[in-house]
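K.L.:
Numbering-wise (our numbering), the sequence shown opens with residue 78 and increments by one. Don't be surprised by glycine CBs; every beta carbon is placed ideally from N, CA and C. Keep in mind it's a predicted model, so treat the numbers as computed, not measured. Questions regarding the structure given below will be posed in turn.
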Amino acid sequence: MGKFIETSEILAKAIEEAYMRGESDYYMKPLVLKNADGKSIGLINDGDSVVFCCKRGEREIQLTDCFVEPEFTYFERKNFSNLFFVLFTLYHSKYVSLNLPIAFKFETVSNTLGEVISRSKLKQLRIAESEKFAHVTFFFNGGENIVFPLEDDVKIPSHRGIPYEKIPLLKLSEVSARLIEEINKDKYNFILANFANGDIIGHTADFDAKVTCVKGIDKTLEDVVTAAIKQKYTVMITADHGVLEVGYKDDGRPNVSHTTNPVPFLLIDTRAQNISLKEGRLANVASTVLVSMGIEPPEIFEKSLFRARTAINQRKVLLIVLDGWGIGKEDSKNPIYVAGAPFYNRLLREYPHTILKASG
78 MGKFIETSEI
88 LAKAIEEAYM
98 RGESDYYMKP
108 LVLKNADGKS
118 IGLINDGDSV
128 VFCCKRGERE
138 IQLTDCFVEP
148 EFTYFERKNF
158 SNLFFVLFTL
168 YHSKYVSLNL
178 PIAFKFETVS
188 NTLGEVISRS
198 KLKQLRIAES
208 EKFAHVTFFF
218 NGGENIVFPL
228 EDDVKIPSHR
238 GIPYEKIPLL
248 KLSEVSARLI
258 EEINKDKYNF
268 ILANFANGDI
278 IGHTADFDAK
288 VTCVKGIDKT
298 LEDVVTAAIK
308 QKYTVMITAD
318 HGVLEVGYKD
328 DGRPNVSHTT
338 NPVPFLLIDT
348 RAQNISLKEG
358 RLANVASTVL
368 VSMGIEPPEI
378 FEKSLFRART
388 AINQRKVLLI
398 VLDGWGIGKE
408 DSKNPIYVAG
418 APFYNRLLRE
428 YPHTILKASG
């Protein structure tokens, strides 16, 4: 145990030194522990047993593929002929055919929001750039790689090979253009859209890029919400967690980590002026969507955010997730506050809104 703690402290120090060199979580060079003779310690070799303990949702699939995928082509790798590789749980259904040992059985989640909407014979769309595509599909469908009947998925390819802080708008314009196109078709009863910028740029140390990111999101919100209102959608805006709202920590260092701040929830509808929303948490959003669509939420769902019965019942909801957009202090350390976000603030003045406890 003492050796483990010592090794962990060495790794932590190496990461701190990488930060001091200007490296970030996105662009950190590989770190390998070496002994006094300069030889690498802990490299995986044939005959080893590896228990892969990561459970994140997408990265563990990428890393597992490096070890077990027979037709791996992304980069040159060492091929092992005798490696006992244990999955923490079933990360992806494709690993079933490889007969890999699994430490813990994967538990499926039933009655997800998407499943309930599909069972109601209603059409739904999920859209995001590829960096957050798993969030509107795999995660949203209970951690399963499935597509429900009447569900369409749109993935806009993210940029590759460019530091994100150099392109803070990412593929926002492409996502919004396609989203507005689909809204105007008036085809879907439920649309889920993820704007990735807040989280991705929030994880960088570039404050100016974060401010630019907020301004881009705000303008995109105006375009998308305007189109949705014209097509008589009820628009809901929320976030999964915070990060963007804290540009600098109290000690002056750039913040690149998720926060535990609450996130907003806004309800935009021409009939919503007299609606009152209660505070809640992310678990209340699914019922709020279903009630707005005139669908009875399953008993296992948390209650909706409505304080009373609502007149909104038109079976058309657009749910926008501002990834990483938390509620922070109104000061010069908050990129959202510094950027101004005039359209977002106008929505706060004119429509019902509340705050939600988020994932952190």
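#1: Would Gly-357 count as contacting chain D if we go by Cβ distances under 8 Å?
#2: Can you list, in chain order, the residues of its chain with a C-beta nearer than 6 Å to that of Pro-178? Leave out the 5 residues immediately preceding and following it.
#3: Buried or exposed for Ser-369, please, with buried defined as at least 16 other CB atoms from any protein chain shown within 10 angstroms of its CB.
#4: Kindly indicate the opening and closing residues of the alpha helix (DSSP H) around Pro-226.
#5: Would you mind giving the Cβ-Cβ distance between Leu-298 and Pro-412, rounded to the nearest angstrom? I have them listed as a contact below 8 Å.
#6: Give me the residue from Phe-161, Gly-191, Pro-234 and Ala-273 with the minimum Cα distance to Gly-124.
#7: If you reduce the DSSP assignment to three classes, tell me which class Ser-466 lands in.
#8: Only counting the same chain, and skipping five residues up and downstream in sequence, which positions put a Cβ closer than 7 Å to that of Asn-261?
#9: Report the residue from Cys-290, Phe-383 and Thr-337 whose alpha carbon sits nearest the alpha carbon of Ala-416.
#10: Which residue comes first and which comes last in the alpha helix (DSSP H) that contains Glu-137?
#11: Rounded to the nearest angstrom, how far is the Cβ of Pro-419 from that of Asp-295, given a contact under 8 Å?
#12: Helix, strand or coil for Glu-258 per DSSP?
#13: Which one of Ala-180, Asn-351, Gly-220 and Arg-136 has the shortest CA to CA distance from Val-187?
#14: Is it true that the CB of Ala-273 sits closer than 8 Å to the CB of Ser-101?
P.N.:
The structure says:
#1: Among the chains of the structure shown, chain D does not appear; only one protein chain is present.
#2: Val-163
#3: Label assigned to Ser-369: buried.
#4: No alpha helix (DSSP H) holds Pro-226; DSSP gives it neither H nor E.
#5: With a Cβ gap of about 16 Å, Leu-298 and Pro-412 do not count as contacting.
#6: Measuring C-alpha to C-alpha distances from Gly-124 to each of Phe-161, Gly-191, Pro-234 and Ala-273 identifies Phe-161 as the nearest.
#7: Residue 466 is absent from the model: the chain starts at 78 and stops at 437.
#8: Ala-304 and Gln-308
#9: When only C-alpha atoms are compared, the closest one is Cys-290.
#10: 136–145
#11: 7 Å
#12: helix
#13: Correcting the residue type first, residue 187 is Ser in the shown sequence and not Val. Ranking Ala-180, Asn-351, Gly-220 and Arg-136 by Cα distance to Ser-187 puts Gly-220 first.
#14: No, the Cβ-Cβ distance between Ser-101 and Ala-273 is not below 8 Å.
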